[in-house]
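Just below is one structure, and these are the notes that go with it.
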Amino acid sequence: KAYEGEVEKRVENESSAKKGKQPLVKDPKFQVPSPYAKVPYPRRKKVKNQDLEFRKFMKMLNKLEMT
1 KAYEGEVEKR VENESSAKKG KQPLVKDPKF QVPSPYAKVP YPRRKKVKNQ DLEFRKFMKM
61 LNKLEMT
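Residues in the sequence shown are numbered consecutively from 1, following full-length UniProt numbering.
Dropping the structure here:
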């Protein structure tokens, strides 16, 4: 009969966890290792601020009209 009591406790704990009474806490220290190796370089080229400023400058020059 002790076994039945343990099962009832587990069922109560699971149902209360589903209702949100007891949040399930995962171990923050444990992380699943990634199956992929990290690349030593950025995945994609980042647009630098200078490139954006140059684009604005070129747009301004194209709009400029000389008389």
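For glycine and all other residues, C-beta sits at the position ideal for the given N, C-alpha and C.
Query: Of the residues 36, 58 and 62, the one placed nearest residue 50, counting alpha carbons only; Result: 58
Query: First and last residue of the uninterrupted alpha helix (DSSP H) at residue 63; Result: 49 to 63
Query: Alpha-carbon spacing of residue 61 relative to residue 52, whole angstroms; Result: 14 Å
Query: Length of the line joining the Cα atoms of residue 39 and residue 30; Result: 22 Å
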